[in-house]
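Heads up, the thing below is written out as structure tokens.
In my numbering, the protein residues as written are 84 to 472.
Have a look at this one:
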């Protein structure tokens with residue numbers, strides 16, 4: 084059941100505020116921002132990196148043609164709330180096409196894998212591509228139905244669905260199909276060893292110079308400027324000054340992107356003064372906590388919609404009532420989870436500016452009960468300030 088909203092006009096555009104949450108909005112002590120789609124426009128960087136990686140994997144590595152993906156396909160995955168991580172989203176799309184190809188092929192013999200570093204892994208998929216090249220990718224459900232079935236299950240649901248598809252197509256047990264899927268997975272390992280998807284994605288996104296600075300190894304597959312160079316600020320200095328001028332502390336950031344990729348951009352556009360970077364939570368902190376938990380025998384994913392990044396940032400900022408500004412359903416779910424888990428007052432703010440289809444995104448935010456919906460983060464001072472008066 085949809086909540087009741089007040090629609091107000093701000094800067095010649097409209098914003099929506101949940102009537103039953105106005106008291107909560109009035110009580111916020113600080114703000115936390117997502118980075119991608121809120122601080123910076125990533126439509127020509129991260130979104131482009133997803134598309135480039137899928138195309139590169141099939142056309143360059145495997146020599147197999149598959150239908151081209153676009154922003155609408157990416158948004159379908161984002162709208163589930165389960166694919167906040169762009170590496171995992173890329174893997175999900177590749178798994179969809181790869182499974183369709185494999186399902187129409189004869190059963191694969193599981194030989195000893197000659198893998199372990201990035202170049203031998205590349206050769207492995209070159210060889211697999213020559214095997215699959217004559218296979219017509221057909222017989223699979225369309226991508227929209229695939230996303231619908233995977234739903235909020237995320238990466239585990241992708242793997243399970245692919246396993247069942249292969250088991251059914253080859254008439255084998257699930258365990259055997261699962262072994263095949265693991266055998267052909269280009270998502271094993273990390274950027275610096277054999278994970279082809281993460282490796283090309285990061286090389287294309289960072290560019291060869293920044294890639295080496297961050298990872299300590301040279302780029303292998305991509306040369307030149309990275310897609311990160313295409314990123315421009317969405318939020319303006321004026322809006323950030325107004326937020327701080329209303330008595331809020333410097334803004335926290337809770338994001339699944341790397342701190343090493345974010346800080347130089349903030350400095351480039353002279354935005355760092357408005358943010359509390361010491362209190363902020365990025366991919367490095369998320370992964371470090373996940374490793375710590377694994378050492379204790381607990382395998383937990385802490386990226387959004389898990390509330391860990393939000394709760395950790397708020398704790399470091401010493402605020403118990405805050406608004407989190409994001410651009411996806413995963414951000415709204417993270418707010419709901421943070422409020423439930425921490426007992427803090429957490430207000431979800433959804434921005435529409437990064438969505439390709441803004442009316443569809445508005446409908447999604449309304450459906451999931453987002454507390455405040457605004458065109459861009461630049462309307463935030465007027466909307467939040469107006470409610471707090």
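Note that CB positions come from ideal geometry on N, CA and C, so glycine has one too.
Paired residues, beta bridge with residue i - DSSP
i, result
"residue 66", "Any property of residue 66 remains undetermined from this structure, which presents the chain solely from 84 to 472."
"residue 123", "119, 316"
"residue 337", "364"
"residue 465", "DSSP, once it has assigned bridges, lists no residue as partnering residue 465."
"residue 308", "290"
Backbone CA spacing between residue i and residue j [nearest angstrom]
i, j, result
"residue 431", "residue 402", "15 Å"
"residue 375", "residue 385", "12 Å"
"residue 91", "residue 455", "11 Å"
"residue 113", "residue 342", "21 Å"
"residue 458", "residue 316", "15 Å"
"residue 153", "residue 395", "34 Å"
"residue 319", "residue 283", "32 Å"
"residue 96", "residue 111", "24 Å"
"residue 358", "residue 138", "36 Å"
"residue 264", "residue 271", "11 Å"
"residue 424", "residue 86", "22 Å"
"residue 122", "residue 452", "23 Å"
"residue 287", "residue 300", "14 Å"
"residue 255", "residue 242", "16 Å"
"residue 372", "residue 169", "20 Å"
"residue 99", "residue 467", "11 Å"
"residue 257", "residue 436", "43 Å"
"residue 346", "residue 167", "20 Å"
"residue 410", "residue 389", "16 Å"
"residue 269", "residue 278", "6 Å"
"residue 188", "residue 156", "26 Å"
"residue 173", "residue 151", "13 Å"
"residue 102", "residue 449", "13 Å"
"residue 447", "residue 180", "27 Å"
"residue 175", "residue 322", "37 Å"
"residue 495", "residue 421", "Any question about residue 495 goes unanswered here, given that the chain covers just 84 to 472."
"residue 399", "residue 362", "5 Å"
"residue 234", "residue 332", "37 Å"
"residue 280", "residue 94", "42 Å"
"residue 445", "residue 204", "42 Å"
Nearest-angstrom beta carbon gap, residue j and residue i [assumed within contact, 8 Å]
i, j, result
"residue 429", "residue 460", "Actually they do not touch by this definition, with Cβ atoms about 17 Å apart."
"residue 338", "residue 365", "6 Å"
"residue 267", "residue 211", "6 Å"
"residue 147", "residue 184", "7 Å"
"residue 310", "residue 107", "Not quite, the Cβ-Cβ distance comes to about 38 Å (not below 8 Å), so this is no contact."
"residue 118", "residue 336", "6 Å"
"residue 303", "residue 177", "Actually they are not in contact, since the Cβ atoms of residue 303 and residue 177 sit about 19 Å apart, beyond 8 Å."
Where the alpha helix (DSSP H) through residue i begins and ends
i, result
"residue 179", "169-186"
"residue 287", "279-298"
"residue 233", "226-233"
"residue 152", "From DSSP, residue 152 is part of no alpha helix (DSSP H); its letter is neither H nor E."
"residue 137", "129-138"
"residue 456", "Per DSSP, residue 456 belongs to no alpha helix (DSSP H); it is in the beta strand (DSSP E), 455-457."
"residue 444", "441-450"
"residue 251", "237-253"
"residue 209", "201-215"
"residue 263", "257-266"
"residue 302", "Unbroken run through residue 302: none, as it is neither H nor E."
"residue 391", "391-400"
"residue 106", "105-109"
Endpoints, the beta strand (DSSP E) within which residue i is located
i, result
"residue 99", "96-101"
"residue 356", "First-last for residue 356: undefined, no H or E at that position."
"residue 88", "88-93"
"residue 415", "Element bounds for residue 415: not the beta strand (DSSP E) but the alpha helix (DSSP H), 412-425."
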